[in-house]
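Following: one structure in structure tokens, then a few remarks.
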Amino acid sequence: MTSTPPTAPAAREAPDDPADDRSPSGAATVAPLAGFTVAVTAARRADELAALLRRKGAEVVSAPALRIVPLSDDQRLATASRELIRRPADVIVATTGIGFRGWVEACDTWGSAERLVRSMGCARVLARGPKAKGAIRAAGLREEWSPPSESSAEVLDYLLESGVEGLRVAVQLHGEPLPDFCAALRMAGAEVVEVPVYRWMEPEDTAPLDRLIEDAASGGVDAVTFTSAPAAAALLDRARRQGLHRPLVERLRGDVMAMCVGPVTARPLMAEDVPTVWPARARIGAMVKRLAEELPERFPALPVAGHRLRLRGHAALVDGAVCPVSPALMRVLRELARRPGQVRDRADLLASLGGDGDAHAVETAVARLRSALGDARIIQTVVKRGYRLALDTGECASRGD
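Counted from 1, the sequence shown has number 286 at position 286 by UniProt numbering; the numbering is strictly sequential.
Here you go:
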């Protein structure tokens with residue numbers, strides 16, 4: 001199981017020559033995610049995340065893995081709130097900003113928000129992360145403490161170390177039960193009141209999610225973004241029910257990047273030995289920035305026939321110009337780039353096309369690929385053997401490639 005937390009700027013490798021991704025005219029560099037397709041699994045702020053990705057040049061496919069169902073009319077929330085107003089808690093644990101705000105707003109519809117907030121005034125209030133902290137302060141309260149990791153486990157450690165025996169602890173749940181968290185508090189002697197503010201549920205229409213899973217499992221996307229652990233777990237569960245769990249996980253372990261908003265979100269994926277990447281700050285803007293840095297680095301520049309060639313998910317960059325390439329031709333180009341400069345025989349290239357056809361099918365594909373790249377010299381014909389990328393070996397030697 002591997003993961004890639006953020007690294008210090010000084011530890012990053014120097015990029016290739018900045019001119020590598022410029023057009024021959026010296027125009028500005030191409031958008032960092034141009035030529036890539038990125039999947040969005042978020043329910044909340046999906047439009048905002050998609051807009052940020054498109055601004056970086058990505059094509060976006062979006063389907064929520066879950067939907068949030070508020071419990072403003074749920075009897076369990078009303079009962080827990082009345083109990084805490086009647087007999088206030090000694091400790092309040094706010095796990096999410098949307099959940100804490102939703103709790104107060106639900107009580108407002110019942111005419112009891114003021115009494116609820118007043119009952120919290122004398123309690124020790126803990127925030128799992130900055131969003132929960134913001135919601136606490138918006139309600140006119142102040143938090144005692146919040147962990148830098150935004151981890152429920154660290155909140156639990158803090159409570160157990162400070163002692164909870166004999167205390168009444170209210171835990172605002174975040175879409176699903178926290179059995180281990182609450183059980184540990186009860187074993188330490190606390191009286192725990194669970195506050196279910198909203199539920200995570202399967203989308204009413206699962207067809208978009210099913211298509212997204214099929215795309216990811218077949219390599220039709222280059223990265224999948226995750227903004228919550230329940231959504232990551234739900235995607236894997238839905239793939240299992242579709243019979244696509246194994247191919248999906250194999251893709252995520254290979255050429256499809258799993259980009260998470262933070263380490264907590266990454267846990268369901270890490271449990272499946274999926275390599276994950278996340279930014280230093282658990283924010284969607286920081287996540288998009290990290291993705292725009294990391295994903296292009298998977299595709300180094302190749303010096304070919306006097307040009308700079310970079311492969312992307314559904315396009316190639318030639319001297320910084322985006323050249324759209326069909327999926328079939330992209331498979332041929334990847335086969336050629338897998339061993340740049342080495343001859344790939346027609347049988348290998350035919351296999352990359354699906355194995356249908358004959359030598360003529362390969363010749364036609366190569367001709368179309370040359371046209372798409374804009375310079376026929378990029379792909380050389382080696383008579384009676386096959387084709388190869390026209391790698392500039394002298395430049396490779398000078399660069400130590």
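Positions of the beta carbon are idealized from the N, C-alpha and C atoms, including for glycine.
Just so we're clear, the structure is a prediction, and the values are computed from it rather than from any experiment.
Is residue i close to chain D, meaning its C-beta is less than 7 Å from at least one C-beta of that chain?
i           : result
residue 220 : In the displayed structure, chain D is absent; only one protein chain is listed.
Start and end of the beta strand (DSSP E) containing residue i?
i           : result
residue 352 : It is not in any beta strand (DSSP E) - residue 352 instead sits in the alpha helix (DSSP H) that spans 346-352.
residue 126 : 124-127
residue 200 : 198-201
residue 258 : 257-260
Under 8 Å by Cβ, that's how I've got residue i and residue j pegged, so tell me the actual separation to the nearest angstrom.
i           : j           : result
residue 91  : residue 156 : That pair is no contact at about 12 Å.
residue 269 : residue 295 : 17 Å between Cβ atoms; not a contact.
residue 102 : residue 198 : 6 Å
residue 314 : residue 35  : 6 Å
residue 449 : residue 265 : The structure shown does not extend to residue 449, since the chain is modelled only from 1 to 401, so the question has no answer here.
Thinking C-alpha only, which one of the options is nearest residue i?
i           : options            : result
residue 152 : 166, 174, 306      : 174
residue 259 : 171, 358, 282      : 282
residue 142 : 129, 148, 125, 154 : 125
residue 359 : 368, 375, 347, 369 : 347
residue 202 : 244, 185, 67, 313  : 67
residue 231 : 211, 323, 261      : 261
residue 305 : 352, 379, 297, 311 : 379
residue 300 : 318, 288, 45       : 318
residue 150 : 115, 109, 97       : 97
Among the residues of its own chain, which have a CB less than 7 Å from the CB of residue i, if the five just before and after it don't count?
i           : result
residue 119 : 84, 85, 88
residue 166 : 189
residue 381 : 387
residue 154 : 147
residue 78  : 110
The alpha helix (DSSP H) with residue i in it runs from where to where?
i           : result
residue 361 : 359-373
residue 162 : 152-162
residue 226 : No alpha helix (DSSP H) holds residue 226; the beta strand (DSSP E) holding it covers 223-226.
residue 46  : 46-55
residue 263 : 263-270
residue 245 : 245-253
Cβ of residue i within 7 Å of Cβ of residue j?
i           : j           : result
residue 279 : residue 290 : yes
residue 377 : residue 343 : no
residue 56  : residue 292 : yes
residue 63  : residue 104 : no
residue 336 : residue 41  : no
residue 213 : residue 239 : yes
residue 38  : residue 223 : yes
residue 192 : residue 221 : no
residue 146 : residue 133 : yes
residue 127 : residue 94  : yes
Near residue i, what residues of its chain come up, given a Cβ to Cβ distance below 6 Å and the 5 sequence neighbours on each side ignored?
i           : result
residue 302 : 309, 340
Whose C-beta lies closer than 8 Å to the C-beta of residue i among residues of the same chain, with five residues either side of it excluded?
i           : result
residue 164 : 91, 185, 188, 189, 190
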